[in-house]
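So the structure is just underneath, and the comments pick up after that.
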Amino acid sequence: MRRAALIMALACLLARAAGAPNFSLPGPCSASPWKPQFTVPDDLRTGGLPRTLSLLVTTPSCPADASLPFGSPAPVLFFFNGFMNKASWYQRIVQQIASWGWVVVQYDTPSLPPVTIAAEVQLFPALAEWVAAQANDTASPLYGVADPQRLATSGHSRGGKLASLVFTTYPELVSATYLVDPVDLSRFSPESADNPSAARALRESGQAIGMAAAGITGSCNPVDGSSAFMWAAAGNGSWRGLEPGAAHATFADGGCVVNAGADLLCGRGKDSRAQAAALTSTQALAWFWQQLVGEQQTVPPSESPMPAFARWVAAQQVAGTLEFEVKGEEGAALWTAEAARAAKEGGLEAPPALPTAAEEEAACAVAGGR
Ligand SMILES: *[C@@H]1O[C@H](CO)[C@@H](O)[C@H](O)[C@H]1NC(C)=O
Ligand SMILES: *[C@@H]1O[C@H](CO)[C@@H](O)[C@H](O)[C@H]1NC(C)=O
Ligand SMILES: *[C@@H]1O[C@H](CO)[C@@H](O)[C@H](O)[C@H]1NC(C)=O
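According to mature numbering (1 follows the signal peptide of the UniProt record, and there is no 0), the stretch in the sequence shown is residues -19 to -1, 1 to 351, in order.
Here is the structure:
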């Protein structure tokens, strides 16, 4: 009898563990890189776009018995770099998202001449078509792995602007977007035909977005053209997670030397790059889940990631690492109710200790730069 009860309890526990994903933990899939070349169609080779783009495609490989909160085949995230940044500088965020069963597509563009935003927006449907063709090609690593019907965008800085523009320009192709300290317009990049305003397009669309924002602003993310500016344009229901300890460059990791220079230019808070990536990827996953899954189908509470997410947010808020808000009275009220319900279910766990910025820098000094 006791044995049976024990087995039952254990089975329940396991089912719960398998059923309710905790996006702050690594997901069940391993992620591996694939680096194909993408040929830019001739008629789209404008605005500085080269003949070919080097893609960095991160593909998940998931155990057959894993319960995948986003389903299978995997939705596809296009993650756009910040200005002059490299795809590889976002690997922590990308790997965490891929581990929950996403394909992530990134690319590098030449720094000189810089490619225009308009050209990259125009290119997007061709990239989406490429993914669809790969998913349908038995010889491709994406065959049967990627779901070309479920696309999302994300990106940092200029890449956040691009992610938002692609989302608002192609609502029939892209289901959701998550912006990472986006920079729309600045003194150095004023609005023009080649550089349309993402905030303007977002306001006109009325769409909701998810966003991670640096708490520290400066010359890299000026107040009047960056995340606060995009937030003002975002539709009701949008999420913003302000990370008080993060500056603009904390979201990218280009190695010790690059990071030291970027911190001089953009400022630095107490958050390490590992911390900013953890905060950002957890929120991005929860936002994508809500947009792609939660709003489309009824998921039993035992399988919903939202209670764990709400508790994670509350614990971060107590620790002072995150200020989370939902835009509009209705959305804010729903979120408050969700958070209250989650808090009742269990105590707040202290967020796991991640290195501070000072510790990360000390590790660089020991390594003698990378
Ligand atoms: C997928 O490939 C098959 C066989 O090559 C082809 O008939 C079909 O049209 C393709 N579908 C798409 C969506 O490309
Ligand atoms: C989610 O994982 C975090 C570790 O990142 C842990 O502290 C927390 O207890 C977990 N939450 C739930 C509800 O399991
Ligand atoms: C957004 O919510 C606010 C109240 O919080 C409301 O005044 C406004 O009309 C809403 N906007 C839209 C577009 O629904």
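Ideal placement from N, C-alpha and C gives every residue a C-beta, glycine not left out.
With respect to Val102, His137 sits apart: the two C-beta atoms are not nearer than 7 Å. Just so you know, the alpha carbons of Arg32 and Val294 end up roughly 44 Å apart. When Ser48, Gly222, Trp111 and Lys251 are compared, the shortest CA-CA separation from Thr337 is found for Lys251. When the Cα atoms are used, Pro95 and Ser285 turn out to be separated by approximately 43 Å. Selection Glu340, Ser135, Ala214 and Gln271 evaluated against Pro2 yields Gln271 as nearest (Cα-Cα).
One residue after another in chain order, those with a Cβ under 7 Å from a heavy atom of ligand 3 are Gly187, Gly216, Asn217, Gly309, Glu310 and Glu311. With a cut-off of 6 Å, the C-beta of Glu330 is classified as near ligand 2, since at least one heavy atom of the ligand falls inside that distance. Burial of Tyr88 is indicated by the presence of at least 16 other C-beta atoms within 10 angstroms of its C-beta. Per DSSP, the unbroken beta strand (DSSP E) holding Glu306 starts and ends at Glu304 to Val307. Between ligand 2 and Pro286, a heavy atom-to-CB distance of less than 6 Å is absent. Here the alpha carbons of Gln277 and Lys308 stand approximately 20 Å from one another.
The C-beta of Gln188 has 16 or more other C-beta atoms within 10 Å across all chains shown, which makes the residue buried. Contact check for Pro9 and Pro44: beta-carbon distance about 6 Å, within the 8 Å limit, so the pair qualifies. Runs of the beta strand (DSSP E) lying entirely within the stretch 8 to 77 and spanning at least 3 residues, in chain order: 11 to 15, 18 to 20, 33 to 42 and 55 to 61. With a contact defined as Cβ atoms closer than 8 Å, Ser207 and Leu183 miss out at about 13 Å.
Here the alpha carbons of Gln264 and Glu330 stand approximately 17 Å from one another. Setting aside the 5 residues that flank it on each side, Asp175 is surrounded in the same chain by Gly28, Thr97, Ile98, Ala99 and Ala100, each with a C-beta closer than 8 Å to its C-beta; the list follows chain order.
In terms of CA proximity to Pro129, Ala113 leads the group Asp234, Ala113 and Val239. For Ala289, the CB falls within less than 6 Å of some heavy atom of ligand 2.
As a beta-bridge residue in DSSP terms, Ala193 pairs with Val161 and Gly222. Taking a contact to require three or more Cβ pairs closer than 8 Å, the stretch 310 to 322 and the stretch 235 to 252 do not qualify as touching.
Taken through DSSP and simplified to helix, strand or coil, Pro129 comes out as strand. Excluding residues up to 5 positions away in sequence, Phe4 and Ala267 lie with their Cβ nearer than 7 Å to the Cβ of Phe290 in the same chain. Not one heavy atom of ligand 2 falls within 6 Å of the beta-carbon of Leu335. For Val86, the enclosing beta strand (DSSP E) stretches over residues Val84 to Asp89. For Ser5, the Cβ falls inside the 6 Å cut-off from some heavy atom of ligand 2.
Relative to the Cα of Met192, the nearest Cα in the group Ser80, Met211, Ala79 and Val204 belongs to Met211.
By the Cβ-count criterion, Lys142 is buried, with 16 or more other Cβ atoms from all chains shown falling within 10 Å of its own Cβ. For Pro282 and Arg322, the gap between their C-alpha atoms comes out near 11 Å.
In this structure, Ile190 sits near Ala215, with a CB-CB distance shorter than 7 Å. Exclusion of the five residues before and after Phe169 leaves no residue of its chain whose Cβ lies closer than 8 Å to its Cβ. The residue among Ser13, Leu36 and Trp70 with its C-alpha nearest the C-alpha of Val239 is Trp70. Rounded to the nearest whole angstrom, the CA to CA distance from Glu304 to Pro225 is 8 Å. Residue state for Gly136 is assigned as strand, using DSSP reduced to three classes. Taking 8 Å as the upper bound for CB-CB distance, Val274 and Phe51 are in contact here, some 6 Å apart. Counted as a single uninterrupted DSSP element, the alpha helix (DSSP H) harbouring Ala318 occupies residues Glu310 to Glu326.
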